[in-house]
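Below: one structure, written as structure tokens.
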Amino acid sequence: MKFQKFINQHLNQITLATAILIGVGFAGKLIGSNIIYTVSFIVASVISAVPIMMRAFSALRFRTISIELLVSIAVIGAFLIGEYNESAIVTFLFLFGTFLEDKTLAKTRHAIKDLTEMAPTTADVVQDDGSTEETDVDFVDVGDVVLVKTGAQVPVDGEIVSGSGHLNEASINGESKLAAKTTGDPVYAGTMLDNGTVQVRATKVGDDTTFGKIVELVEDAQDTKSPAEKFIDKFATYYTPAVLVIALLVGLIFQDFRLAITVLVLGCPGALVIGAPVSNVAGIGNGAKNGVLIKGGDVMNTLSKVDTIVFDKTGTLTEGKTAVTHFKNSSDNDGVLAYAAAVEKESDHPLAKAVVAYAKTHGSDFDQLEVTASDTIKGRGILAQVNGQDVLIGNRQLMTDHQIELTATQSSDLQEIQHQGSSSVIIAIAGKVQAIIGISDVIRPGVKESLQLLKKAGVKKTVMLTGDNQLTAQSVAGQLGIDEVHAELMPEDKVNFVKDFQKSGHTVAFVGDGINDSPSLATANIGIAMGSGTDVAVETSDVVLMSSGFDELVHAFGLARKTVLNTKENIVIAVGTVAFLLLGLLVGVIYMASGMFVHEASILVVIFNAMRLIKFRIKTPKLDSDQLSATEVKLS
1 MKFQKFINQH LNQITLATAI LIGVGFAGKL IGSNIIYTVS FIVASVISAV
51 PIMMRAFSAL RFRTISIELL VSIAVIGAFL IGEYNESAIV TFLFLFGTFL
101 EDKTLAKTRH AIKDLTEMAP TTADVVQDDG STEETDVDFV DVGDVVLVKT
151 GAQVPVDGEI VSGSGHLNEA SINGESKLAA KTTGDPVYAG TMLDNGTVQV
201 RATKVGDDTT FGKIVELVED AQDTKSPAEK FIDKFATYYT PAVLVIALLV
251 GLIFQDFRLA ITVLVLGCPG ALVIGAPVSN VAGIGNGAKN GVLIKGGDVM
301 NTLSKVDTIV FDKTGTLTEG KTAVTHFKNS SDNDGVLAYA AAVEKESDHP
351 LAKAVVAYAK THGSDFDQLE VTASDTIKGR GILAQVNGQD VLIGNRQLMT
401 DHQIELTATQ SSDLQEIQHQ GSSSVIIAIA GKVQAIIGIS DVIRPGVKES
451 LQLLKKAGVK KTVMLTGDNQ LTAQSVAGQL GIDEVHAELM PEDKVNFVKD
501 FQKSGHTVAF VGDGINDSPS LATANIGIAM GSGTDVAVET SDVVLMSSGF
551 DELVHAFGLA RKTVLNTKEN IVIAVGTVAF LLLGLLVGVI YMASGMFVHE
601 ASILVVIFNA MRLIKFRIKT PKLDSDQLSA TEVKLS
């Protein structure tokens with residue numbers, strides 16, 4: 001065991017020594033010294049054959065006939081017939097190919113290595129007396145408050161309780177753009193505080209953090225084989241013994257031991273064995289680098305075949321938070337919005353919060369207004385007095401109850417807002433309607449463009465399944481160009497729709513974010529969770545979009561197809577190389593040394609081909625400005 005460990009630790013040095021000895025051997029031949037030539041190649045053959053034979057023996061102990069066994073037999077045969085130069089060159093090329101293979105594979109895993117190295121190790125925990133104590137991150141508990149200074153890593157998932165700053169969240173969502181954070185905002189372990197100082201109350205620690213789950217999911221994904229890899233493993237089980245039998249038959253039929261040995265060497269399926277795994281690892285690494293967690297090669301393969309994508313609405317196609325999307329002001333009073341916000345600021349209703357937030361962003365100075373009376377009428381709205389004026393804020397029924405009529409233009413505006421699926425808020429001051437506000441769940445930026453790109457990439461059908469009302473669902477679907485809409489559904493109804501699509505022969509991906517989406521995520525061929533969603537949704541899914549952006553969805557779909565295509569290319573290269581070598585051997589233009597060179601070169605070709613996936617990137621859609629701001633209309 002100690003000897004084997006020593007050999008494995010010094011494999012690179014053995015490879016270098018073999019190369020030097022081969023060089024010395026050729027130099028000896030040039031100066032006419034057969035002793036130097038022969039001894040150099042014998043020593044090179046022996047020292048380079050040892051690690052290969054040790055691997056072959058280890059594989060045999062587990063009843064596996066490996067590629068190392070083929071090379072070992074070939075080297076022994078060449079050595080026995082006195083072709084020391086052939087045996088030395090074969091073993092050197094094999095070891096050198098292994099060296100380059102390890103180096104290039106390590107590069108494809110670079111994104112994963114970066115993730116693990118970015119894991120925070122310590123935290124400055126705030127004590128009861130206000131001081132801080134540096135603590136190992138493993139000993140930080142949920143509820144502890146940690147101090148994060150400029151340039152430091154956030155050690156936990158949590159919520160900012162004081163301070164503000166800008167964070168680099170590339171380790172979580174792949175975005176290099178700094179995110180502004182202040183009191184009440186969530187932060188994630190592994191992100192960097194670019195400027196500012198914040199105190200964070202821990203909500204998740206250790207392996208439970210978002211960062212911890214990213215590392216765990218990606219590491220697990222690399223161990224999950226694709227169908228191509230499973231096929232190759234099974235193929236190699238039968239292929240390797242077949243090559244041994246063919247070589248034996250060639251030796252017996254042609255009475256040519258050298259030819260039989262050459263068949264063994266050239267028949268080794270090195271590129272075939274490495275081609276699929278390296279594509280898989282490179283694809284998963286690319287996804288992790290760009291904010292997409294793909295849980296294994298099998299998932300990658302199935303995702304590439306998806307032709308139907310089913311979406312939840314709230315929190316998936318939309319951001320899951322209400323905002324003002326229309327403000328139709330029918331008066332000359334610029335203070336209408338301030339009056340409405342002054343009344344609504346005392347309410348916790350989502351619509352009220354949306355009005356207040358809209359007023360703040362538009363600079364309305366409503367804090368100076370005096371609200372002297374306020375009465376909430378259930379199902380109608382609010383009656384209040386603001387600076388001595390009667391103010392009504394609510395639905396049309398509230399206006400009707402107080403004999404306040406809408407003009408024809410106002411009625412048309414109200415119908416337009418409602419037809420678009422938005423909730424409406426009417427504002428009346430001194431017995432006259434002054435403005436109508438439309439409030440709705442905001443569509444995520446770039447969704448429409450992303451769906452168009454998915455269609456161009458081969459997705460045949462897009463479907464929305466939602467528990468929301470039909471009018472709102474139809475409005476959102478119409479804006480985004482979704483093919484099919486089903487509304488007012490319970491979770492079990494969504495599952496039934498997914499099953500129906502599958503029975504129709506479709507490969508279905510379901511995209512969702514909530515606990516109620518988990519059954520559909522698990523039922524679909526591919527479950528895709530928004531990273532901002534619940535832990536249950538993330539755990540249940542096959543793919544996680546860490547920043548919940550639809551550009552990540554487009555990237556995931558394109559990456560899956562590119563990775564599967566890359567794997568197929570590698571298989572063709574590998575099989576084509578073996579066929580070329582054996583054919584060349586039969587017609588007498590390929591020999592052991594030249595064939596081994598081509599064989600090892602083919603391994604490098606498939607590795608470098610797979611490495612192209614590391615830089616794969618789909619052009620992201622431009623944001624639609626209409627999705628980023630509310631529409632304000634001044635009526636005459």
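In full-length UniProt numbering, the protein residues as written are 1 to 636.
A virtual CB, placed ideally from N, CA and C, is assigned to each residue, including glycine.
In this text the structure is predicted, and so the values were computed from the model without any measurement.
Note down the Cα distance separating residue i from residue j, rounded to an integer number of angstroms.
i           : j           : result
residue 617 : residue 447 : 18 Å
residue 13  : residue 99  : 11 Å
residue 452 : residue 282 : 27 Å
residue 76  : residue 94  : 15 Å
residue 578 : residue 59  : 23 Å
residue 89  : residue 22  : 8 Å
residue 522 : residue 503 : 16 Å
residue 396 : residue 346 : 22 Å
residue 153 : residue 445 : 29 Å
residue 635 : residue 300 : Only weak support exists for where residue 635 lies, its pLDDT of 32 falling under 50; the value from the coordinates is given anyway. Straight-line Cα distance between these residues: approximately 53 Å.
residue 378 : residue 163 : 39 Å
residue 285 : residue 545 : 14 Å
residue 554 : residue 459 : 11 Å
residue 167 : residue 542 : 28 Å
residue 201 : residue 148 : 11 Å
residue 11  : residue 600 : 17 Å
residue 69  : residue 51  : 11 Å
residue 142 : residue 159 : 11 Å
residue 375 : residue 526 : 50 Å
residue 383 : residue 351 : 16 Å
residue 455 : residue 408 : 41 Å
residue 137 : residue 15  : 42 Å
residue 438 : residue 557 : 35 Å
According to DSSP, is residue i part of a helix, a strand, or is it coil?
i           : result
residue 204 : strand
residue 367 : coil
residue 500 : helix
residue 319 : strand
residue 356 : helix
residue 638 : Because the chain here runs from 1 to 636, residue 638 falls outside it and cannot be looked at.
residue 152 : coil
residue 283 : helix
residue 429 : strand
residue 416 : helix
residue 637 : The question about residue 637 has no answer, for the chain in this structure spans 1 to 636.
residue 555 : helix
residue 614 : helix
residue 445 : coil
residue 312 : coil
With a 10 Å radius around its C-beta and 16 neighbouring C-beta atoms as the bar for buried, classify residue i as buried or exposed.
i           : result
residue 134 : exposed
residue 387 : exposed
residue 506 : buried
residue 238 : exposed
residue 124 : buried
residue 186 : exposed
residue 402 : exposed
residue 428 : buried
residue 512 : buried
residue 55  : buried
Taking the alpha carbon of residue i as the point to measure from, which residue in the options has its own alpha carbon closest?
i           : options            : result
residue 491 : 481, 519, 79, 377  : 519
residue 259 : 602, 599, 473, 587 : 587
residue 128 : 122, 138, 145, 28  : 145
residue 169 : 151, 383, 35       : 151
residue 574 : 62, 243, 276       : 276
residue 19  : 26, 92, 367        : 92
residue 510 : 528, 501, 499      : 528
residue 461 : 323, 477, 410, 472 : 477
residue 606 : 385, 274, 561, 549 : 274
residue 209 : 380, 182, 140, 400 : 140
residue 440 : 560, 205, 322, 78  : 322
residue 602 : 613, 585, 580      : 580
I want to check one thing, is the minimum distance from the CB of residue i to the heavy atoms of the ligand ADP below 7 Å?
i           : result
residue 482 : By its list of ligands, the structure shown contains no ligand whatsoever, and the ligand ADP lies outside what it can speak to.
Could you tell me whether the region 431-446 touches the region 337-354, using the rule of 3 or more Cβ pairs below 8 Å?
yes
Below 8 Å, how does it come out for the region 293-313 and the region 403-417: are there three or more Cβ pairs, yes or no?
no
The region 302-321 contacting the region 464-480, beta-carbon criterion three pairs below 8 Å:
yes
Please confirm if the region 34-47 is in contact with the region 76-87, defined as three or more CB-CB distances below 8 Å between the two stretches.
yes
Count the CB pairs spanning the region 478-498 and the region 349-360 that are closer than 8 Å, and state whether there are at least three.
no
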